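Peer 1:
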Amino acid sequence: MPIDYSDFDWQGKNYVKIIGRTLSGKRVCVIDDYEASFWAILQPKVKEKKIQEIIEKISKIKVKNPSRTSSVLKTELCNKKFLGKSVRAIKISVTNHKDMHGIADQLGMKEIYKRREYDISLISKYVMQGGIEPLCWYRINGENIDNSDDFGGIGKALDVDFCLKIEGKEKSKEQPEFKPKILAYDIEVSDIELGKGEILMISLYGKNFKKVLTWKKCNKKQDFVECFKDEEEMIEAFVKSVKEYQPDILTGYFSDGFDLPYLRANAHQNKVKLALGIDGSQPVFSRGRLVSGKISGIVHLDLYRFISSVYFQYLQSETLGLNDIASELLGEKKDDFDFLKLKNMKEQDWKDFFAYNLQDSVITYKLAEKLWPDILEFTKIMKQPLFNVSRNSMSSHVEDYILQNLSGFDEIAEKRPLHEEIGKRRERPKYVGAFVFQPKPGLYENLCFFDFTSMYASVIVSYNLSLSTFESIKEKKPVFSKQKGFFPKMLEEIIEKRKKYKQEYNKNKNPVTKARSNAYKLLANAAYGYQGFFGARYYCVEAAAATASYAKENILTAIDKIKKKGYEIIYSDTDSIAFLLGKNTKKTVLEMLKEINLKLPGIMELELEDFYKRGLFVSKRSIEKGKTREDSGAKKKYALIDEKDKMKIRGFETVRRDWCKLSRELQNKVLQNILKKGNEKSALELIKETIKEIKARQIDKNQLMIRTQLKKPINEYVSKGPHVIAAQKMEDAGLAVSQGMLIEYYLAENKSSKSKLVRDKVKLPDESGEYDIDYYLNNQILPAVGNILEVFDIDVEKEFIKDHRQKGLGDF
DNA sequence: GCGGCGCTTATACC
DNA sequence: ACCGGTATAAGCGCCGC
Numbered sequence: 003m004p005i006d007y008s009d010f011d012w013q014g015k016n017y018v019k020i021i022g023r024t025l026s027g028k029r030v031c032v033i034d035d036y037e038a039s040f041w042a043i044l045q046p047k048v049k050e051k052k053i054q055e056i057i058e059k060i061s062k063i064k065v066k067n068p069s070r071t072s073s074v075l076k077t078e079l080c081n082k083k084f085l086g087k088s089v090r091a092i093k094i095s096v097t098n099h100k101d102m103h104g105i106a107d108q109l110g111m112k113e114i115y116k117r118r119e120y121d122i123s124l125i126s127k128y129v130m131q132g133g134i135e136p137l138c139w140y141r142i143n144g145e146n147i148d149n150s151d152d153f154g155g156i157g158k159a160l161d162v163d164f165c166l167k168i169e170g171k172e173k174s175k176e177q178p179e180f181k182p183k184i185l186a187y188d189i190e191v192s193d194i195e196l197g198k199g200e201i202l203m204i205s206l207y208g209k210n211f212k213k214v215l216t217w218k219k220c221n222k223k224q225d226f227v228e229c230f231k232d233e234e235e236m237i238e239a240f241v242k243s244v245k246e247y248q249p250d251i252l253t254g255y256f257s258d259g260f261d262l263p264y265l266r267a268n269a270h271q272n273k274v275k276l277a278l279g280i281d282g283s284q285p286v287f288s289r290g291r292l293v294s295g296k297i298s299g300i301v302h303l304d305l306y307r308f309i310s311s312v313y314f315q316y317l318q319s320e321t322l323g324l325n326d327i328a329s330e331l332l333g334e335k336k337d338d339f340d341f342l343k344l345k346n347m348k349e350q351d352w353k354d355f356f357a358y359n360l361q362d363s364v365i366t367y368k369l370a371e372k373l374w375p376d377i378l379e380f381t382k383i384m385k386q387p388l389f390n391v392s393r394n395s396m397s398s399h400v401e402d403y404i405l406q407n408l409s410g411f412d413e414i415a416e417k418r419p420l421h422e423e424i425g426k427r428r429e430r431p432k433y434v435g436a437f438v439f440q441p442k443p444g445l446y447e448n449l450c451f452f453d454f455t456s457m458y459a460s461v462i463v464s465y466n467l468s469l470s471t472f473e474s475i476k477e478k479k480p481v482f483s484k485q486k487g488f489f490p491k492m493l494e495e496i497i498e499k500r501k502k503y504k505q506e507y508n509k510n511k512n513p514v515t516k517a518r519s520n521a522y523k524l525l526a527n528a529a530y531g532y533q534g535f536f537g538a539r540y541y542c543v544e545a546a547a548a549t550a551s552y553a554k555e556n557i558l559t560a561i562d563k564i565k566k567k568g569y570e571i572i573y574s575d576t577d578s579i580a581f582l583l584g585k586n587t588k589k590t591v592l593e594m595l596k597e598i599n600l601k602l603p604g605i606m607e608l609e610l611e612d613f614y615k616r617g618l619f620v621s622k623r624s625i626e627k628g629k630t631r632e633d634s635g636a637k638k639k640y641a642l643i644d645e646k647d648k649m650k651i652r653g654f655e656t657v658r659r660d661w662c663k664l665s666r667e668l669q670n671k672v673l674q675n676i677l678k679k680g681n682e683k684s685a686l687e688l689i690k691e692t693i694k695e696i697k698a699r700q701i702d703k704n705q706l707m708i709r710t711q712l713k714k715p716i717n718e719y720v721s722k723g724p725h726v727i728a729a730q731k732m733e734d735a736g737l738a739v740s741q742g743m744l745i746e747y748y749l750a751e752n753k754s755s756k757s758k759l760v761r762d763k764v765k766l767p768d769e770s771g772e773y774d775i776d777y778y779l780n781n782q783i784l785p786a787v788g789n790i791l792e793v794f795d796i797d798v799e800k801e802f803i804k805d806h807r808q809k810g811l812g813d814f
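If you read the first sequence in this note's numbering, its first letter stands for residue 3, the second for the next number, and so on.
1. If I measure Cβ to Cβ from K442 and keep anything under 6 Å in the same chain, skipping five residues before and after, which residues do I get?
2. Let me know if V391 comes out buried or exposed under the rule of 16 or more other beta-carbons within 10 Å of its beta-carbon.
3. Is the CB-CB distance between D337 and Y358 below 9 Å?
4. Give the DSSP-derived three-state secondary structure of D9 in the structure shown.
5. Give me the Cα-Cα distance between Y748 and G425, rounded to the nearest whole angstrom.
6. Give me the residue from G154, D151, N146 and I189 with the minimum Cα distance to E169.
7. What does DSSP give as the partner residues of K173 in its beta bridges?
8. Compare the beta carbon distance of S329 and S205 with 9 Å and say whether it is the shorter of the two.
9. Buried or exposed: where does N143 fall if 16 or more other Cβ atoms within 10 Å of its Cβ makes it buried?
10. Is the beta carbon of Y573 closer than 9 Å to that of F439?
11. What do you get for H103, buried or exposed, if any count of 16 or more other CB atoms within 10 angstroms of its CB means buried?
12. Figure out for me which residue from E349, L608, L558 and M743 has the closest Cα to the Cα of K223.
13. What residues are listed by DSSP as bridge partners for M130?
14. Exposed or buried, G812, counting other C-beta atoms within 10 Å across all chains shown (16 or more means buried)?
15. Assuming H302 is part of the beta strand (DSSP E), what are its boundary residues?
16. Excluding five sequence neighbours on each side, which residues of the same chain lie with their C-beta closer than 6 Å to the C-beta of F794?
17. I'd like to confirm the pairing. Which residues does DSSP put opposite P4 in its beta bridges?
18. Taking 7 Å as the limit between beta carbons, can you name the residues of its chain near F814, skipping five residues before and five after?
19. Whose CA, out of I561, E695 and A538, lies closest to the CA of F454?
20. Taking only runs that begin and end inside the segment 595-630, name each unbroken alpha helix (DSSP H) of 4 or more residues, in chain order.
21. For a quick check, are the C-beta atoms of I701 and H725 less than 9 Å apart?
22. Roughly how many angstroms separate the alpha carbons of Q13 and K198, rounded to a whole number?
23. Would you mind reading off the limits of the beta strand (DSSP E) that contains F454?
24. For I716, which of T590, Q741, H99 and N81 has the nearest alpha-carbon?
25. Expressed to the nearest angstrom, what Euclidean distance is found between the alpha-carbon atoms of I201 and N272?
26. Which residues in the same chain have their Cβ closer than 6 Å to the Cβ of I237, if we skip the five residues on either side of it in sequence?
27. Among the residues of its own chain, which have a CB less than 6 Å from the CB of E37, if the five just before and after it don't count?
28. Taking the beta strand (DSSP E) that T587 belongs to, which residues open and close that run?
29. Determine the direct distance from the alpha carbon of V720 to that of E772, and round the result to whole angstroms.
30. When you compare only the Cα positions, how much space is there between M3 and I60?
31. May I ask which residues mark the beginning and end of the alpha helix (DSSP H) holding V191?
32. Closer than 8 Å is the cut-off here; do at least three beta carbon pairs connect the segment 420-436 with the segment 535-555?
33. Based on the DSSP output, what are the partners of D644 in its beta bridges?
34. Give the C-beta separation of I5 and D281 to the nearest angstrom, bearing in mind that I take them to be a contact with Cβ-Cβ under 8 Å.
35. Output needed for N675: all residues of its chain with C-beta closer than 6 Å, excluding positions within five of it in sequence on either side, in chain order.
36. In whole angstroms, what separates the C-alpha of K639 from that of E655?
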């Protein structure tokens with residue numbers, strides 16, 4: 003079972019080193035050959051004789067480096083495909099992967115059309131060329147090199163049960179479930195800024211393994227706590243614990259960005275080696291936009307990275323914090339620790355702190371177990387090492403999938419865009435996207451929702467939209483070839499697999515079948531964005547624009563057909579259509595659905611999403627000149643209730659995290675009451691009650707906190723909004739403020755200033771102050787419920803609030 | 001000092 | 001820099017009066 007991948011050079015050649023497990027749980031290292039090669043694609047119609055001359059020239063290329071000289075090992079003339087077209091290409095095998103670029107640079111002959119595949123990582127190429135795929139059982143045989151000096155004595159140096167040089171490999175027919183050995187860790191520090199503080203404690207949690215290592219206050223009552231003389235000894239004990247447990251995966255939460263770099267820095271300061279690797283090496287941090295910490299032989303898994311890049315968009319959590327994520331995925335609320343206590347810790351506080359530290363590791367461990375099926379499926383589908391898969395973005399996943407499936411089409415891979423090309427792509431103007439129907443504000447009864455299944459993906463497949471099938475622009479419209487391209491074909495396979503695994507999941511519901519079906523769904527959904535993404539190898543705006551355009555065309559046609567059948571369209575956004583059932587039965591509606599489907603192109607499919615008892619649509623708050631409330635219905639903002647009384651709320655303040663809890667909860671209750679009962683009576687009572695409480699200052703401050711994300715450094719803001727001021731206040735108070743943080747604040751009365759600016763009322767949660775009644779009434783409650791009640795011709799401001807304002811400040 | 005409008009910003013929908 | 005476009009809305013910044 004191959005788990006961790008790396009590559010190394012030995013005597014000028016490349017090898018792949020894979021760390022994995024045997025069926026019986028032994029830790030093994032296998033070393034496989036790797037032959038570096040890339041392609042020189044020839045211009046069409048180059049004469050045989052000329053080709054032979056070129057091959058001869060190529061064979062003699064040498065690249066000299068300080069450490070080695072690379073040369074061409076062999077060449078092979080092949081018939082291949084490149085972007086769907088048949089080409090003649092020379093496969094150039096070289097001695098060292100790292101010198102492919104240098105050798106490719108020397109292929110300036112005019113007969114060579116393009117040089118390709120010298121920019122793919124070694125491990126990716128290794129797998130593409132038929133190497134061992136990650137997380138699949140293999141039967142292998144080879145030479146035991148435990149005690150040999152081969153490869154510089156690697157067999158002796160690694161902490162593994164045995165080490166093999168591969169001679170034969172075969173993917174096993176049986177693929178029994180594999181459960182990796184996971185160890186979770188978490189640190190607590192005296193100052194969160196790296197280099198400024200000490201590590202107070204480190205917790206570890208695994209199967210039958212729990213520890214908190216510390217050099218601070220120790221007590222005998224918590225048997226999981228181990229005490230050490232100082233930070234240095236504690237870090238050494240951490241390294242020893244990891245070695246003792248022998249994990250396949252060492253996991254943390256935000257550990258790429260915090261725990262591992264912190265450990266590394268403080269180990270260095272203490273002159274201790276953080277020898278976590280199975281070869282005794284220290285973690286290596288790769289540069290990039292985000293730092294990634296790699297440990298040799300053990301997969302360092304930062305769950306935060308996986309969740310933020312692929313998983314988060316399908317969760318309800320409003321933040322990426324361990325707290326929020328764990329409570330949603332595990333249903334566990336974790337106890338909080340008051341970090342302000344750190345300045346003056348009592349005996350009991352330390353006990354609480356140790357327990358808190360351990361708890362974070364426990365939760366991280368459980369989260370890793372929970373997400374394992376998803377990470378496993380992604381790894382198997384993309385055929386990339388676990389380390390990469392757990393950190394990659396969706397666009398990388400799409401690209402990895404393409405690269406690993408090109409051989410089935412005999413395709414040579416397109417190159418990654420260079421800096422200059424990326425710059426150009428990013429400057430392109432936007433193309434027209436989806437259609438959104440402007441609803442008429444109102445409370446509707448008996449609605450039906452249709453939607454297109456994986457609409458954009460099915461458009462790409464049905465209309466054959468991709469880089470390799472793009473032919474030309476005629477009369478301002480892109481033309482795509484009739485012959486199926488590999489990209490749409492791959493996508494069709496993905497959609498088919500998604501269908502198959504979805505059925506499988508419905509038959510047999512478990513985390514594994516769910517993860518499999520979900521992974522293909524995510525991949526299908528990301529394919530459209532990929533073609534319009536400036537960093538993509540197979541970038542094609544024409545395809546992306548055409549996808550959006552054909553999608554629009556199809557939904558407008560469907561809307562038209564539904565209308566012509568006599569239904570009233572209520573709403574539509576991108577791939578969904580809502581209409582009133584009216585006097586028709588569900589059966590008639592389903593017949594119409596069938597009829598529409600008969601005429602849809604290719605694999606496109608319209609399906610019934612659901613029937614809803616009621617639906618509420620409101621008007622926009624700012625009504626444009628010359629328009630009435632009636633024709634100013636807000637898009638992307640509605641609330642539905644189905645036949646089981648389950649609500650579906652979109653776009654309303656209830657679902658926006660930058661509104662205070664009070665408004666969100668009140669609005670939610672108002673919507674619930676209206677949708678359940680079909681009238682506004684009880685909702686009015688709720689509003690009245692809340693307004694009374696606000697005026698009487700009976701509202702808990704926690705209900706009034708507003709949270710807004712700080713998206714850039716404080717000084718880069720042109721417009722200093724309330725949350726920027728709050729962030730500034732935090733910084734002034736000595737609190738750590740960083741980009742991406744959720745800034746929390748409330749609005750307080752400011753008697754010393756007459757300023758009308760909201761930002762002059764900003765106070766941090768622990769700052770004392772009286773909440774600003776006018777602000778919360780006029781800027782929170784009124785907007786949240788105003789346009790809902792407007793549907794029933796009620797003016798909330800006139801009914802409840804104005805009265806207060808007219809009395810003026812004199813009341814207070 | 002105030003109202004209006006444009007711009008910046010955050011967040012949602014699909 | 002790490003998937004696309006469409007949309008709402010708050011609150012500042014600035015202008016003119």
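Here a beta-carbon is modelled for each residue, glycine too, at the ideal position from N, C-alpha and C.
These figures come from a predicted structure and were not determined experimentally.
Peer 2: Judging by the given coordinates:
1. G635
2. buried
3. yes
4. strand
5. 41 Å
6. N146
7. Y140
8. no
9. exposed
10. yes
11. exposed
12. E349
13. In the DSSP output, where bridge partners are listed per residue, M130 has none listed.
14. Residue placement at G812 cannot be trusted, given a pLDDT of 31 that sits under 50; what the coordinates show is reported in the next sentence. It counts as exposed.
15. V301 to D304
16. E682
17. G22
18. A caution first: F814 carries a pLDDT of 30, below 50, which makes its placement in the model unreliable, though a value can still be read off. Hits under 7 Å: none found.
19. I561
20. none
21. no
22. 43 Å
23. G444 to F454
24. Q741
25. 11 Å
26. A269 and V274
27. S95
28. Careful: T587 lies outside any beta strand (DSSP E) and carries neither H nor E.
29. 29 Å
30. 39 Å
31. V191 -> not in any alpha helix (DSSP H); beta strand (DSSP E) instead, spanning I184 to V191.
32. yes
33. Y614
34. Actually they do not touch by this definition, with Cβ atoms about 15 Å apart.
35. S684 and A685
36. 9 Å
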